[in-house]
Every structure is written in structure tokens, then in C-alpha cells.
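Asker: Taken in sequence, the protein lines are chains A and B.
Counting in our numbering, the first sequence runs from 639 upward without gaps.
Counting in our numbering, the second sequence runs from 239 upward without gaps.
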Amino acid sequence: MSTVTYAGEPVEVDAEGFLEDPAQWNEQVGEQIAAENGIDELTDRHWMVVNYMRESYLENGTAPSIRTLGKASGVPIKELYALFPKGPAKLAAKVAGIPKPRGCI
Amino acid sequence: VKRKITIIGAGTGGTLTANRLRRHYGDEAEITVVDSDDRHVYQPGLLFLPFGLTPPEDIVRSRAAQLHKEIEFRIGEVDRVDLTGDRVLLKDGSELAYDLLVVASGVSLLPEETEGLPEAMEKGNAFSFYSLDEATALRDALAGFDSGRVVINPVEMPIKCPVAPLEFCFLADWFFHERGVRDQVEITFVTPLDGAFTKPIASRELGDLLESKGIAIESEFATGQVDGEGGRLVSWDEREVPFDLLVSIPVHGGSSFIERSPGLGDELGFIKTDSHTLQSTAAKNVFAIGDATNLPTSKAGSATHFEGETLTTNIERFFDGKELEGSYDGHANCFIETGFHKALLIDFNYEVEPMPGRYPTAHAGLPLLKESRLNHMAKLAFQPFYWHALLPGRDVPGIGARMTMAGKQSVPNPQGETE
Chain A
639 MSTVTYAGEP
649 VEVDAEGFLE
659 DPAQWNEQVG
669 EQIAAENGID
679 ELTDRHWMVV
689 NYMRESYLEN
699 GTAPSIRTLG
709 KASGVPIKEL
719 YALFPKGPAK
729 LAAKVAGIPK
739 PRGCI
Chain B
239 VKRKITIIGA
249 GTGGTLTANR
259 LRRHYGDEAE
269 ITVVDSDDRH
279 VYQPGLLFLP
289 FGLTPPEDIV
299 RSRAAQLHKE
309 IEFRIGEVDR
319 VDLTGDRVLL
329 KDGSELAYDL
339 LVVASGVSLL
349 PEETEGLPEA
359 MEKGNAFSFY
369 SLDEATALRD
379 ALAGFDSGRV
389 VINPVEMPIK
399 CPVAPLEFCF
409 LADWFFHERG
419 VRDQVEITFV
429 TPLDGAFTKP
439 IASRELGDLL
449 ESKGIAIESE
459 FATGQVDGEG
469 GRLVSWDERE
479 VPFDLLVSIP
489 VHGGSSFIER
499 SPGLGDELGF
509 IKTDSHTLQS
519 TAAKNVFAIG
529 DATNLPTSKA
539 GSATHFEGET
549 LTTNIERFFD
559 GKELEGSYDG
569 HANCFIETGF
579 HKALLIDFNY
589 EVEPMPGRYP
599 TAHAGLPLLK
609 ESRLNHMAKL
619 AFQPFYWHAL
629 LPGRDVPGIG
639 ARMTMAGKQS
649 VPNPQGETE
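(1) Should Lys709 (chain A) be flagged as near chain B, meaning a C-beta pair shorter than 8 Å?
(2) If I follow the unbroken beta strand (DSSP E) through Val316 (chain B), where does it start and stop?
(3) Note the first and the last residue of the continuous beta strand (DSSP E) segment covering Thr511 (chain B).
(4) Measure from the alpha carbon of Gly469 (chain B) to the alpha carbon of each residue in B:Leu355, B:Arg420, B:Asp504, then state which is nearest.
(5) Using 7 Å as the cut-off, classify the Cβ of Leu284 (chain B) as near or not near the heavy atoms of the ligand ZN, replying yes or no.
(6) What residue range does the alpha helix (DSSP H) around Arg442 (chain B) cover?
(7) Would Glu554 (chain B) and Gly528 (chain B) qualify as a contact pair, given that the criterion is a beta-carbon distance under 8 Å?
(8) Can you tell me which residues form a DSSP beta bridge with Ala239 (chain B)?
(9) Do you know whose CA, among B:Leu370, B:Pro400, B:Glu268, lies nearest Gly290 (chain B)'s CA?
(10) Mind listing which residues of the segment 354 to 383 of chain B have their C-beta closer than 9 Å to chain A's C-betas, in chain order?
(11) What span of residues does the beta strand (DSSP E) with Pro598 (chain B) cover, start to end?
(12) So if I threshold CB-CB distances at 8 Å, which residues from the segment 447 to 475 of chain B count as touching chain A?
(13) Whose CA, out of B:Ala526, B:Ile297, B:Gly462, B:Pro396, lies closest to the CA of Leu516 (chain B)?
(14) So, helix, strand or coil for Pro702 (chain A), using DSSP?
(15) Have a look at A:Asp659, A:Trp685, A:Gly725, A:Glu665 and flag the residue whose alpha-carbon is nearest the alpha-carbon of Leu759 (chain A).
(16) From the DSSP output, in three-state form, read off Arg477 (chain B) for me.
(17) Answer with yes or no whether the minimum CB distance from Gly725 (chain A) to chain B is below 8 Å.
(18) Report the CB separation of Lys510 (chain B) from Ser518 (chain B) in whole angstroms; it is logged as a contact under 8 Å.
(19) What does Val489 (chain B) touch in chain A if you count any residue whose Cβ is under 8 Å from its own?
(20) Starting from Thr700 (chain A), find everything on chain B with Cβ-Cβ shorter than 9 Å and list it in chain order.
(21) Sort B:Phe367, B:Arg377, B:Leu583 by Cα distance to Glu403 (chain B) and report the nearest one.
(22) Could you have a look at Asn675 (chain A) and say whether DSSP puts it in helix, strand or coil?
(23) List the residues of chain C whose Cβ lies closer than 9 Å to the Cβ of Leu506 (chain B), in chain order.
(24) Going by DSSP, what residues sit across from Cys673 (chain B) in a beta bridge?
(25) Nearest chain B C-beta to Tyr690 (chain A) closer than 8 Å, yes or no?
(26) Counting only C-beta atoms, is Tyr644 (chain A) closer than 8 Å to chain B at any point?
(27) Hey, quick one: how far does the beta strand (DSSP E) through Ile496 (chain B) stretch, first residue to last?
(28) Helix, strand or coil: which one does DSSP assign to His490 (chain B)?
(29) Which chain B residues sit within Cβ distance under 7 Å of Tyr695 (chain A)?
(30) Residue range of the beta strand (DSSP E) that Ser300 (chain B) falls in?
(31) Please name the residue in B:Ser565, B:Gly539, B:Ser540 whose C-alpha comes closest to that of Thr551 (chain B).
(32) Quick one: using the 10 Å Cβ neighbour count with 16 as the cut-off for buried, is Val634 (chain B) buried or exposed?
(33) How about the segment 457 to 467 of chain B and the segment 319 to 328 of chain B: do they share at least three Cβ pairs that are nearer than 8 Å?
(34) Examine chain B for any beta-carbon lying closer than 8 Å to the beta-carbon of Lys716 (chain A), and answer yes or no.
(35) How many angstroms separate the CA atom of Gly251 (chain B) from the CA atom of Ala342 (chain B)?
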């Protein structure tokens, strides 16, 4: 665990850069994490996914999988890969300030 | 007053729950179990079938015959559950009223969720081994396969028995080796995960094992399309893996009646279930067990077996008006067949990932997370236990529902995480 500064505030992150405490997140923090990960601008479509991620995490305690995102976020899987290249579920979770999605055994 | 208990599904969870409840209540409960057919498949056998190690008929029995004779078994398709009217509506127009409902309907395989997969299966170069018919077709295909590229691909988690695709890789290595064609067959494991397995310690051990057997791994591969004609898997981010024979583990979802029963399931059709009490979050008189649930543990017979004790205790407490026990801890264990007459064993729960040691205790037990012949023998010896102890709902001596740390050795976690 280490501390970094986002939007002028100290924020705790894990070894891979995921926020330790989702409560330390705000939209500016999200924008800064996105920029660090190669997403220059968060469009409305990005925000649809990020907001869905946060709501889903706060309600269920786990981050949604890529398939759940494709079914329920309003953004199809193909587009998720365009918005959040490589691993949309992971990258969107990072931007949304929630812990890394964990596969079950 | 007789308690009316309805159970959807006569697989592992539904059968053991029905038999346990019958033993507890005797004639004081009227138990009805509904399923769409009378074929109970011993699912661990599906791993061995494609390699000719078990004939299909040896792993199927009548569902009705596994239930106590006073339990009513109905064959029928469930249309939906009416949570406010406390009744299950069947597609033939009949209905089953209940005081208490247990959903044990398992998972459905959904090849149609992956573009091109149904066509490739039809064409005959893509197979699965997650159903009796598919596993049998794969056996016939493997029997005539002596050179080329075999690709094993779980499309997306969660899947039943998450170690089975790895076991399939190990057994394929052994199978082609025995037939003297191993050097002409490339085996590649293509996974959506970032390693061989979900948890770091086991992932490292299993990754090493794949490597030592010359099995290639392609990780973080999110399958977007199967091109049967061109013989290639294509990921959403446009990576490609060529194959001559694809063993696909299709996307899993809940049974289709769950979608038609508002409030009962999540987006993927799994029952929203309290992870410790096994009560549905949609209605107090509805419980769920096994693969049908959205519990964050393995979809596996072992987890279902251990859930059985919590479930039946909580059903009794529900009828007695008592507070439920939150005693299920996510415990499961499983043998991982590694070929050449050896197997590993893993034991874990919600909190504790698979680690080395011995099970159930340090002094008397099977080696954990380590290849051994003893584990292989135990895996083979399990089938009679399944039919004669697990399904009837008898406790198996030495195998407790709750996980114990006795015999486990702590090791540094490869990712430096503590969970």
C-alpha cells in the first residue's frame, strides 16, 4: 500500500494502483487515474460505465465482471474494449476507485 | 400442520437437501422435487469420459432413485416462481404451492452467448465436456486426433468446477503421450484470468505444472468470437489463437425461469443469496444451494455438499421462527487430476486461499497442493461415496462442513497480498 496525491488530496492505493478506500474517490480523482492510464478524456460513455461500476460495487460489495458490464451497464462489450483498452473490467474499476475485481475460485 | 417444501432441481444440492429434510421431518413435511428429466449425471465423471476412462452409462443414474421413496419427484419445466403467491408455475400449466422453496437448479450452458461457437460446435471442430452428450462427442473426436493444435478455453468466469479445464489440459497431455503422438500435438490453455488460476499460490503451482508438461498458456484472453471455418479464437481486443480442435467451456448462466421471476436472480441469472445463511435476498421463505446461487465460492459439488448442513439447519430454524445461523464459510475442496495417475488436492473457503500442507490434519491426511498418487486414488474412489453417502445426506466422517487450518502451512503469497 502506498499514498499518492490525486486532486490535491492524499489517497491510498494498492500495489497496482487501485484505491484502498472507495470513499476517497471523486470525479476529479477518476479523471486523473484515467489520464495516468492512457485515457485522455472521459466521455459520457466512459462515465456510464464508471458510474455503473461504483453503484454496483457499493450495492454488492464486488466489482462486476465484463459480462455483467456488457449486459447491465448500457455499453456493449466491444465498445467497452474501445473505451477501456486491454482489460475493461479492471481499468474501469481502477478509474471508478473501487478494488480490483477478484475472480472467485 | 404439514410443511410443504418444494425443491427446484434434483442434482447434487436438491437431492441431498430433500433427503436431509426428509430424515429430519419424516411425515411432517411434504417434499416435492421437480426437474426437467430423470438423468442424474455424476459430473466429475465428465472429465474422464472424453479420454475413454469411463463409459457414459457408468456416470448416469435415475434422479428419482436417489431420493427417499416418500419424496415426490415431478418431471416438468419450471416457467417461473411467483414469490408473492408462494408457488412455482410449471410450463404445462400446473403449479406447486409451497411454504418453503429451495432453488437448486444449477447452471445452464450458453454457447449461443459467444459469436460463432454454436456454428463451430455444429461444424465439428469445437466441443465441450460439460454435458454428457458433448463429452461423448469429444471422446469420439479425440480418438481420431493425432496431430495438430488443441485449445482449451473457458470463455468467461464463473464456470462450474473452475479447475476442470486445467485438469483437461493435464489429462490431454497424458492421453497424447500414452498414444505416442504427444510431440505432434500442441496444447494451449487460453484463459480470461491473468494466470493459470484465480488465487495467487495455487496459480503459481498450477502455472509451473502447465509449463513442466509443455502446455502453453495464453492469459487475459477475453473470447469475443469463435471462427470455426478459419479455426481460430478471436478476443475482444483482436488477439487470435489458432486451433484444429477447440475444447470450449461455454458461458454459464442461471436457469431460464430465474430471469422470468423478477427479483430472484442477478444479471447472469444466479440466485441472489446471503453468502452465510443461504437465504434468498428476495424472500424469507426461499433458500438456494449450489451452482444456482451467486455465492462468491466455487461452483462445485464440494461447496454444495458443505452448504447442505447450513441450509437444512436454517430451514429448520426458519420453520421454528428462530434466527438463522450464518455458518457457511465458503468451504470447498477438490482434487485436481494431473495425469499419469496423480492428482493434487486443494482446500479453501471465502477467506483462505488454497495452500500447501495436508488435509484434513497434518499427521493423517492427503497432501495439499502437491501431486500424489494417493490423491488420484482418492479422486477415483469418490464416486461410490457420492451416490451412497453424499446424496442420501449422510455426514462423511473426517470431512467437516467448516474449513479447518489444521495441517495447512502458511507460505509467502506471490503477490505479497494478505487476504
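Note that the Cβ used here is the ideal one computed from N, Cα and C, for glycine as well.
Answerer: In terms of the structure at hand:
(1) yes
(2) 316 to 320
(3) That residue, Thr511 (chain B), is in no beta strand (DSSP E); it is neither H nor E in DSSP.
(4) B:Leu355
(5) This structure does not include the ligand ZN; it has no bound ligands of any sort.
(6) 438 to 450
(7) no
(8) Correcting the residue identity first, residue 239 (chain B) is Val in this sequence and not Ala. Looking at the DSSP assignment, Val239 (chain B) forms no beta bridge with any residue, so it has no partner.
(9) B:Leu370
(10) none
(11) 595 to 598
(12) Glu458, Ala460, Gly462, Trp474, Asp475
(13) B:Ala526
(14) coil
(15) What is shown of chain A runs 639 to 743, which leaves residue 759 (chain A) out entirely.
(16) coil
(17) yes
(18) 7 Å
(19) Arg705
(20) Pro534
(21) Strictly speaking, residue 403 (chain B) in this sequence is Pro, with Glu absent from that position. Among B:Phe367, B:Arg377, B:Leu583, the Cα nearest to that of Pro403 (chain B) belongs to B:Phe367.
(22) coil
(23) Absent here is chain C; the protein component of the structure consists of chains A and B.
(24) Residue numbering for chain B in the displayed model covers 239 to 657; residue 673 (chain B) lies beyond these limits and cannot be assessed.
(25) no
(26) no
(27) Ile496 (chain B) -> not in any beta strand (DSSP E); alpha helix (DSSP H) instead, spanning 494 to 497.
(28) strand
(29) Correct list: empty, because the minimum Cβ distance to chain B is about 13 Å.
(30) 298 to 300
(31) B:Ser565
(32) exposed
(33) no
(34) yes
(35) 6 Å
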